[in-house]
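Visitor: In case it helps, my numbering puts the sequence shown at residues 33 to 779. The structure is given below, and queries will be raised subsequently.
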Amino acid sequence: MRRLRLSIFGAVQGVGFRPFVYRVARELGLKGWVLNGAFGVVVEAEADESVLSAFAQRLIQEKPKAAVIAAVESVWLEPTGFSGFEIRASDRAEKPSAWMLPDLATCPECLAEISDPGQRRHGYAFTNCTLCGPRFTIVTGIPYDRPNTTMSGFPLCPDCRAEYENPADRRFHAQPIACPACGPRLWLEEDGKKTEGNASWAEAASLIRAGKIVAVKGIGGFLLLCDARSSEAVARLRQRKRRNEKPFAVMFPDLDSVREACEVSELEEAWLQDAAAPIVLLRRKPGSGTVAPEAAPGNPQLGAILPYAPLHHLLMRALGFPVIATSGNLSEEPIAKDNPEAQARLKGIADAFLMHDRPIARHADDSIVRASRGRQLVLRRARGFAPLPLRTARELKPVLALGAHLKNTVALGWRRQIVVSQHLGDLETAASLEAFRAAVKDLCRLYGFKPELAACDLHPDYASSRHAESMGLPVVRVQHHHAHVAGLMAEQDIAPPVLGVAWDGLGLGTDGTIWGGEFLVVDEKGFRRFAHLRTFPLPGGDAAIREPRRCALGLLHELGADLGRLEALFPEGWEAARALPKSALLSPRTSSAGRLFDGLASLVGLRQKNSFEGQAAMALEHGVDAAELGAYPVALSAGTPIVADWEPLVRAALEDVDRGAAPGVVSARFHNGLARLILEVARRAGLERVALTGGVFQNAYLSEKAAGLLEEAGFQVFTHQRLPPNDGGISAGQAFVAGLGWHGLEA
Ligand code: ZN
Ligand code: ZN
Ligand code: FE
Numbered sequence: 033m034r035r036l037r038l039s040i041f042g043a044v045q046g047v048g049f050r051p052f053v054y055r056v057a058r059e060l061g062l063k064g065w066v067l068n069g070a071f072g073v074v075v076e077a078e079a080d081e082s083v084l085s086a087f088a089q090r091l092i093q094e095k096p097k098a099a100v101i102a103a104v105e106s107v108w109l110e111p112t113g114f115s116g117f118e119i120r121a122s123d124r125a126e127k128p129s130a131w132m133l134p135d136l137a138t139c140p141e142c143l144a145e146i147s148d149p150g151q152r153r154h155g156y157a158f159t160n161c162t163l164c165g166p167r168f169t170i171v172t173g174i175p176y177d178r179p180n181t182t183m184s185g186f187p188l189c190p191d192c193r194a195e196y197e198n199p200a201d202r203r204f205h206a207q208p209i210a211c212p213a214c215g216p217r218l219w220l221e222e223d224g225k226k227t228e229g230n231a232s233w234a235e236a237a238s239l240i241r242a243g244k245i246v247a248v249k250g251i252g253g254f255l256l257l258c259d260a261r262s263s264e265a266v267a268r269l270r271q272r273k274r275r276n277e278k279p280f281a282v283m284f285p286d287l288d289s290v291r292e293a294c295e296v297s298e299l300e301e302a303w304l305q306d307a308a309a310p311i312v313l314l315r316r317k318p319g320s321g322t323v324a325p326e327a328a329p330g331n332p333q334l335g336a337i338l339p340y341a342p343l344h345h346l347l348m349r350a351l352g353f354p355v356i357a358t359s360g361n362l363s364e365e366p367i368a369k370d371n372p373e374a375q376a377r378l379k380g381i382a383d384a385f386l387m388h389d390r391p392i393a394r395h396a397d398d399s400i401v402r403a404s405r406g407r408q409l410v411l412r413r414a415r416g417f418a419p420l421p422l423r424t425a426r427e428l429k430p431v432l433a434l435g436a437h438l439k440n441t442v443a444l445g446w447r448r449q450i451v452v453s454q455h456l457g458d459l460e461t462a463a464s465l466e467a468f469r470a471a472v473k474d475l476c477r478l479y480g481f482k483p484e485l486a487a488c489d490l491h492p493d494y495a496s497s498r499h500a501e502s503m504g505l506p507v508v509r510v511q512h513h514h515a516h517v518a519g520l521m522a523e524q525d526i527a528p529p530v531l532g533v534a535w536d537g538l539g540l541g542t543d544g545t546i547w548g549g550e551f552l553v554v555d556e557k558g559f560r561r562f563a564h565l566r567t568f569p570l571p572g573g574d575a576a577i578r579e580p581r582r583c584a585l586g587l588l589h590e591l592g593a594d595l596g597r598l599e600a601l602f603p604e605g606w607e608a609a610r611a612l613p614k615s616a617l618l619s620p621r622t623s624s625a626g627r628l629f630d631g632l633a634s635l636v637g638l639r640q641k642n643s644f645e646g647q648a649a650m651a652l653e654h655g656v657d658a659a660e661l662g663a664y665p666v667a668l669s670a671g672t673p674i675v676a677d678w679e680p681l682v683r684a685a686l687e688d689v690d691r692g693a694a695p696g697v698v699s700a701r702f703h704n705g706l707a708r709l710i711l712e713v714a715r716r717a718g719l720e721r722v723a724l725t726g727g728v729f730q731n732a733y734l735s736e737k738a739a740g741l742l743e744e745a746g747f748q749v750f751t752h753q754r755l756p757p758n759d760g761g762i763s764a765g766q767a768f769v770a771g772l773g774w775h776g777l778e779a
């Protein structure tokens, strides 16, 4: 038995949708309910998983004629035992906001139109209809109609107006519609040379074919495109973008070409073709040479995406081969979205600019998803998902949550929903701070939202925390790992109390030390630190995030082990390095699980420096020899909080390394040991529900291993689906805690 919650968005109210859902549910013998929410129709139903999947499919395929389904978000939940199927009373009326939709990938009908020489939109890059096209990235105000979008400068021509006003037309009341006579125009700029109209994308295609890098203005910003088959082109892009090894996403011309390069399940195929059109992380087919290794160096996975805007379709059809499609920015800055801005910021990166005159109201990167435990796990929530609200089972006070520091998002919570902003990025540069401030203002304005509370991290120095302080509202501080757990509770309607396993990089704890390997019991009163990993010094503090070798140094120092084996890892100065962990000032103590992974990756010899956050931990995961079932031991202390001591684990790993064991075997025993540790702590806590969250649980092997053990032992296990386990999910957790009036700190 499972429970499925479907949030159905689009023109689905006042068109007989609820009676239709009721009828289908009764036919299938489902238990549950349907209601009209503030944003669309919400359905919850309980049955076998296969029956629920069939139900969801039928709702989309057999929908009432007048209904237009723009987006569906589904979450799999634990069943609660509904007694029948009912149409529930609508949520209390409020300002209708059902029009707030994410950007939708080009629909098959529009695609057919631009491909047909007999149609007036043949080859037109801004073709869209009620079912597809830009939404969130073009809205400038309320109510949602054309003057309040970035299409306001393009008055409809008589042909388009006729479509817009005809209830029988696919473009009836579709705000962003356009055609070559009245809509946005496209041009290509290369060294001061300008090519206009359809010749511009044809020219862009020949530049890409010749190995050049072209910046293409899309839906939520500029993407940088180059030939993904060419090692030379990809290496040049890496060098110019100053991005050494972090994987690039690859846009494929079609599904078949994705299949040539990667393993694709049926589920993943559906996601690639979904209106959200996210980047889907797939396993590469070994030996497939269609994508240069430089696209994702040393990585067994590849982020694949299909064309989602007419311009992409036109370009990709002209090319017929995969291209790198990465955000138009320098390393961790926000994606560039305006023409002059892009030309300034991407100067020296792009050889040419394919641009248009439809302004982008707000930036949105491509979203990233992956399969995890048979469900879709969102790793980055942006274009295609934002601003779809998460429905909460409980009413929230109006709260604005400012998120954390890395992978920042902000969130609005009120009534029974949380709206999470698009991914805003690390709040490290002036550009990302600007994007952060703009997003806060922008979201509040779009929803006419007046927060009564501000929620933020406990860390006083985060820019997000300072922003919360500056708003003149009561501020609720929510401890970082508590927010991780609460985000998952909000997403999946987990009743307290729950044991939250929150493992990540670093977050400030209530005792002033840096946490990151936490087991928190969360209930209405707040949280209790039930257990945590043994702490160790982090030599050089933040520098250790970039250098796994420093984590190894901290671990061995803590154990009083011989440090000699690390000497060769610090050629710049071993004496200074070895003294570092002794300084309490320069080497703060942490219980971080992420840093434990980094340290292990260093000791195994996989990586000594990270060129992006989490790279070493990722290498450790990717190296796992899945056939290895052994597990290193971890010792649990008596007393509270329980200290999970990784000393036996690290010592056993070192013995294996010294014995010449393969890194994949060491890595598997390490992962298996941690999964058993989680089970052991869950047994001690004795709570039925266990929630796995935090950036470490982006690790698919650990998540599946731990969840498997817990489920076998009879626990209910929760892992993320709609919110990222990383810090992108923090704002929703903060909103949930503060909006419910829970305590953000230790009970
Ligand atoms: Zn369409
Ligand atoms: Zn027109
Ligand atoms: Fe975190």
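Where is the CB? At the ideal position from N, CA and C, for every residue including glycine.
Exposed or buried, what is G776 when buried is set at 16 or more other beta-carbons lying within 10 Å of its beta-carbon?
Guide: Position 744 of the sequence shown, counting from 1, holds the residue named residue 776. So G776 ends up on the buried side.
Visitor: Write down the C-beta distance between A576 and L570 rounded to the nearest angstrom, noting that I regard them as a contact closer than 8 Å.
Guide: Here residue 576 refers to the residue found at position 544 when the sequence shown is read from its first residue. Here residue 570 refers to the residue found at position 538 when the sequence shown is read from its first residue. Rounded, the Cβ-Cβ distance is 5 Å, consistent with contact.
Visitor: N440: beta carbon under 7 Å from a heavy atom of ligand 1?
Guide: The residue labelled residue 440 in the question sits at position 408 within the sequence shown. No, ligand 1 has no heavy atom inside 7 Å of this Cβ.
Visitor: Taking only heavy atoms of ligand 3 into account, decide whether any of them is closer than 7 Å to the Cβ of D759.
Guide: The residue labelled residue 759 in the question sits at position 727 within the sequence shown. The answer is yes for D759.
Visitor: At the level of alpha carbons, what is the spacing between S399 and G592?
Guide: Your numbering for residue 399 matches position 367 in the sequence shown. Your numbering for residue 592 matches position 560 in the sequence shown. Cα to Cα, S399 sits roughly 44 Å from G592.
Visitor: Sort out for me which residues DSSP pairs K225 with in a bridge.
Guide: Within the sequence shown, residue 225 is the residue found at index 193, counting from 1. DSSP lists E222 as partners of K225.
Visitor: Is G727 near ligand 3, judged by its Cβ being under 7 Å from some heavy atom?
Guide: Here the question's residue 727 lines up with position 695 in the sequence shown. G727: yes, Cβ under 7 Å from ligand 3.
Visitor: Measuring alpha carbon to alpha carbon, tell me which residue in E197, L347 and R272 is nearest L239.
Guide: Here the question's residue 239 lines up with position 207 in the sequence shown. Taking only the C-alpha atoms, the option nearest L239 is L347.
Visitor: Check each candidate in G165, P149 and P51 and name the one with the smallest Cα separation from F117.
Guide: Mapped onto the sequence shown, residue 117 falls at position 85. Closest option to F117, Cα to Cα, is P51.
Visitor: Does any residue of chain B have a CB that is nearer than 8 Å to the CB of K614?
Guide: Of the protein chains in the structure, only one exists, and it is not chain B.
Visitor: Could you pull out every unbroken beta strand (DSSP E) segment of at least 3 residues lying fully inside the region 482 to 513, listed in chain order?
Guide: For the region 482 to 513, whole beta strand (DSSP E) runs of length 3 or above, ordered along the chain, are 485 to 489 and 507 to 510.
Visitor: Applying the criterion that 16 or more other CB atoms from any shown protein chain within 10 Å of the CB defines a buried residue, is G253 buried or exposed?
Guide: The count along the sequence shown starts at 1 and reaches residue 253 at position 221. Per the 10 Å Cβ criterion, buried.
Visitor: Distance check for G544 and E81, CA to CA, integer angstroms please.
Guide: As a working mapping, residue 81 is identified with position 49 in the sequence shown. As a working mapping, residue 544 is identified with position 512 in the sequence shown. Their backbone Cα atoms lie some 45 Å apart in a straight line.
Visitor: Taking Cβ positions, are R35 and E78 nearer each other than 8 Å?
Guide: For the purposes of this step, residue 35 is taken as residue 3 along the sequence shown, with counting starting at 1. For the purposes of this step, residue 78 is taken as residue 46 along the sequence shown, with counting starting at 1. Taking 8 Å as the Cβ cut-off, R35 and E78 qualify as a contacting pair.
Visitor: Under three-state DSSP, which class holds Q801?
Guide: In the structure as shown, the chain begins at 33 and stops at 779. Residue 801 is therefore absent and cannot be evaluated.
Visitor: Within the same chain, show all residues whose beta-carbon is closer than 8 Å to that of Q748, passing over the 5 residues directly before and after it, in chain order.
Guide: Counting from one through the sequence shown, the residue named residue 748 turns up at place 716. Hits under 8 Å: E110, E720, R721 and V722.
Visitor: Where DSSP assigns a beta bridge to L334, which residues make up the other side?
Guide: By 1-based counting over the sequence shown, the position of residue 334 is 302. DSSP, once it has assigned bridges, lists L314 as partnering L334.
Visitor: Verify the contact flag: A374, CB atom, against every heavy atom of ligand 2, threshold strictly below 7 Å.
Guide: The count along the sequence shown starts at 1 and reaches residue 374 at position 342. Not so, every heavy atom of ligand 2 lies at least 7 Å from the Cβ.
Visitor: Excluding the 5 residues preceding and the 5 following I251 in the sequence, name in chain order all residues of the same chain whose CB lies nearer than 8 Å to its CB.
Guide: Within the sequence shown, numbered from 1, the residue matching residue 251 stands at position 219. Correct list, in chain order: D135, P166, T169, Y340, A341, I392, A396 and R415.
Visitor: State the DSSP-derived secondary structure class of M348, mapped to helix, strand or coil.
Guide: Reading the sequence shown from its first residue, position 316 is the one you call residue 348. In the structure shown, M348 sits in a helix (DSSP, three-state: H, G or I).
Visitor: Any chance the region 530 to 540 sits against the region 501 to 509, with 3 or more Cβ pairs inside 8 Å?
Guide: No, they do not touch.
Visitor: Nearest-angstrom Cα distance between S115 and M33?
Guide: The residue you call residue 115 lines up with position 83 of the sequence shown. The residue you call residue 33 lines up with position 1 of the sequence shown. Taking the straight line from one Cα to the other gives about 14 Å.
Visitor: May I ask whether a heavy atom of ligand 1 can be found less than 7 Å away from the beta carbon of C161?
Guide: Working through the sequence shown from its first residue, we reach residue 161 at position 129. Answer for C161: yes, Cβ within range of ligand 1.
Visitor: If you follow the beta strand (DSSP E) that I710 is part of, which residue opens it and which one closes it?
Guide: As a first step, residue 710 must be located in the sequence shown, where it is residue number 678. No beta strand (DSSP E) holds I710; the alpha helix (DSSP H) holding it covers P695 to A717.
Visitor: Rounded to a whole number of angstroms, what is the C-alpha to C-alpha distance between E599 and W606?
Guide: Here the question's residue 599 lines up with position 567 in the sequence shown. Here the question's residue 606 lines up with position 574 in the sequence shown. So the two alpha carbons sit approximately 6 Å from each other.
Visitor: Using three-state DSSP, classify D759 as helix, strand or coil.
Guide: Counted from its first residue, the sequence shown places residue 759 at position 727. Reduced to three states, the DSSP call for D759 is helix.
Visitor: Under a three-way DSSP split, which group does R261 fall into?
Guide: Along the sequence shown, read from residue 1 onward, the residue named residue 261 stands at position 229. R261: coil per DSSP, three-state reduction.
Visitor: Under the DSSP definition of a beta bridge, which residues are partnered with E105?
Guide: Residue 105 sits at position 73 when you count from the first residue of the sequence shown. Bridge partners of E105: S39.
Visitor: Using 8 Å as the threshold, is the C-beta distance between E292 and P329 below it?
Guide: The count along the sequence shown starts at 1 and reaches residue 292 at position 260. The count along the sequence shown starts at 1 and reaches residue 329 at position 297. No, the Cβ-Cβ distance between E292 and P329 is not below 8 Å.
Visitor: Under a Cβ-count criterion, where at least 16 other Cβ atoms within 10 Å of its own Cβ denotes burial, should N198 be classed as buried or exposed?
Guide: Mapped onto the sequence shown, residue 198 falls at position 166. Exposed is the call here.
Visitor: Can you say whether A616 is buried or exposed, counting buried as having 16 or more other CB atoms within 10 angstroms of its CB?
Guide: Taking the first residue of the sequence shown as 1, we reach residue 616 at position 584. Per the 10 Å Cβ criterion, exposed.
Visitor: Does the region 551 to 558 come within contact of the region 487 to 507, defined as at least 3 CB pairs closer than 8 Å?
Guide: No contact exists between the region 551 to 558 and the region 487 to 507.
Visitor: Considering only residues of the same chain and omitting the five flanking positions on each side of R58, which have a CB-CB separation below 8 Å?
Guide: Within the sequence shown, residue 58 is the residue found at index 26, counting from 1. Excluding positions up to five away in sequence, the list reads F117.
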